[in-house]
Amino acid sequence: MSVTLKGRSFLTLKDFTPGEIDYLINLSLELKQNKYNGIKKRLLEGKNIALIFEKPSTRTRCAFVVAAFDEGAHPEYLGKGDIQLGKKESVKDTARVLGRMFDGIQFRGFKHETVEALAKYAGVPVWNGLTERFHPTQALADFLTVKEHKGNLKGIKFVYVGDGRNNVANSLLIGASKLGLDFRIVSPRELFPDRELLAYTEETSKASGATITVTDDVDRGVDAADVIYADVWVSMGEEEQFEERINLLKPYQVNIDMMKKASDSAIFLHCLPAFHNRETAVGEEVYQKYGIPEMEVTGEVFESKQSVVFDQAENRVHTIKAVMVATLGG
Ligand code: CP
Ligand code: NVA
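Using this note's numbering, read the sequence shown as starting at 176 and increasing by one per residue.
What follows is the structure, encoded as structure tokens:
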């Protein structure tokens with residue numbers, strides 16, 4: 176099957192067929208191998224890329240920058256306070272200006288509507304580097320990592336544990352339903368995914384053979400898992416909710432006991448950054464206030480052989496590169 180994504184924006188995996196998602200994962204692998212073998216194709220030679228960030232980022236920002244430079248493009252970082260976006264200039268006008276100057280635009284921020292408006296008016300591909308609802312470039316890197324470690328994706332028992340309705344959970348849910356995984360969200364009922372999104376993935380699962388389970392029962396959810404995945408309990412922009420989330424999510428911490436319920440060869444994934452010790456200002460503050468030295472994952476699991484979180488972080492470069500190369504048309 177020949178796949179062309181030239182000119183397309185990348186806002187959510189909802190907009191992509193299983194074949195297109197598969198294509199992006201395979202293209203990521205090819206670009207990764209090229210990089211490892213020193214093959215420089217400069218597939219984005221002369222392209223200018225705008226990187227708009229309303230929220231902080233280590234991986235996504237660096238992955239876009241490195242991927243752009245690797246392929247001969249020029250990335251321009253536009254951080255919070257650098258441009259007028261929404262303050263003195265509407266999103267619509269900003270989109271039309273940037274679209275005249277740049278070949279592609281990345282947006283990370285709060286409202287999903289902002290990235291949709293950018294895509295609607297820019298006239299060039301817009302890539303979602305995380306909004307409150309979706310984090311699709313993360314999901315691509317996650318699926319690539321699973322494919323590398325497990326050999327395939329279909330039928331893989333992939334368990335996401337924690338805040339079952341955040342941007343990362345939503346994107347994994349959509350992708351897994353399209354790629355035929357045995358995907359489970361294990362979270363307290365208060366944090367179950369949105370009903371509309373679940374109804375959507377029920378439909379997409381029919382074609383792929385995926386099974387989707389949402390449960391608050393940890394034992395049932397993680398049984399024989401091939402992959403256990405965690406994200407932070409409190410996403411960016413929700414910082415007032417630490418106490419409530421800690422109370423809700425304490426039983427869902429990924430620890431050695433939970434890993435023992437998974438398959439012996441299970442891997443642990445986390446989109447990062449992770450709270451697995453007190454070596455961060457926030458981690459220490461949480462410890463002082465609530466008495467817990469680790470949140471969504473224990474240091475023991477994070478540092479274990481089963482943890483492949485840094486392979487996963489590296490894969491952000493290769494997958495983001497694939498998205499840019501595919502949509503800008505080489
Ligand atoms: N996983 C992820 O998106 O990391 P950053 O917030 O550092 O970009
Ligand atoms: N759910 C997290 C993901 C961080 C990469 C957040 O939005 O903060």
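Yeah, the Cβ is synthetic: ideal placement off N, Cα and C, and Gly gets one too.
Using only the alpha-carbon positions, how far apart do residue i and residue j sit?
i, j, result
"residue 416", "residue 445", "21 Å"
"residue 181", "residue 425", "44 Å"
"residue 165", "residue 463", "With the chain represented from 176 up to 505, any question about residue 165 goes unanswered, as that position is not in the structure."
"residue 450", "residue 458", "6 Å"
"residue 310", "residue 285", "11 Å"
"residue 299", "residue 339", "32 Å"
"residue 336", "residue 241", "30 Å"
"residue 296", "residue 197", "28 Å"
"residue 438", "residue 314", "22 Å"
"residue 388", "residue 429", "18 Å"
"residue 399", "residue 236", "35 Å"
"residue 453", "residue 482", "19 Å"
"residue 233", "residue 474", "21 Å"
"residue 364", "residue 351", "21 Å"
"residue 355", "residue 332", "10 Å"
"residue 267", "residue 205", "36 Å"
"residue 219", "residue 345", "30 Å"
"residue 230", "residue 254", "8 Å"
"residue 270", "residue 293", "5 Å"
"residue 406", "residue 447", "7 Å"
"residue 264", "residue 272", "10 Å"
Which class does residue i belong to by DSSP, given the choice of helix, strand or coil?
i, result
"residue 383", "helix"
"residue 437", "coil"
"residue 340", "coil"
"residue 405", "strand"
"residue 494", "helix"
"residue 482", "strand"
"residue 376", "helix"
"residue 328", "coil"
"residue 390", "strand"
"residue 219", "coil"
"residue 333", "strand"
"residue 178", "coil"
Which term fits residue i, buried or exposed, when burial requires 16 or more other beta carbons within 10 angstroms of its beta carbon?
i, result
"residue 376", "buried"
"residue 431", "exposed"
"residue 487", "buried"
"residue 276", "exposed"
"residue 422", "exposed"
"residue 395", "exposed"
"residue 208", "exposed"
"residue 440", "exposed"
"residue 485", "exposed"
"residue 357", "buried"
"residue 443", "buried"
"residue 249", "exposed"
"residue 289", "buried"
"residue 570", "One cannot answer for residue 570 here, as it falls past the ends of the chain, which runs 176 to 505."
"residue 370", "exposed"
"residue 214", "exposed"
"residue 283", "buried"
"residue 342", "buried"
"residue 326", "exposed"
"residue 217", "exposed"
Which residue comes first and which comes last in the beta strand (DSSP E) that contains residue i?
i, result
"residue 253", "249 to 253"
"residue 308", "Element bounds for residue 308: n/a, residue is neither H nor E."
"residue 509", "No answer is possible for residue 509: the residues shown for the chain start at 176 and end at 505."
"residue 442", "442 to 445"
"residue 359", "357 to 361"
"residue 280", "279 to 283"
So the alpha helix (DSSP H) residue i belongs to, where does it begin and stop?
i, result
"residue 183", "Careful: residue 183 lies outside any alpha helix (DSSP H) and carries neither H nor E."
"residue 421", "417 to 424"
"residue 393", "393 to 397"
"residue 238", "234 to 245"
"residue 292", "287 to 297"
"residue 272", "266 to 276"
"residue 476", "474 to 477"
"residue 410", "Unbroken run through residue 410: none, as it is neither H nor E."
"residue 195", "193 to 211"
"residue 458", "456 to 465"
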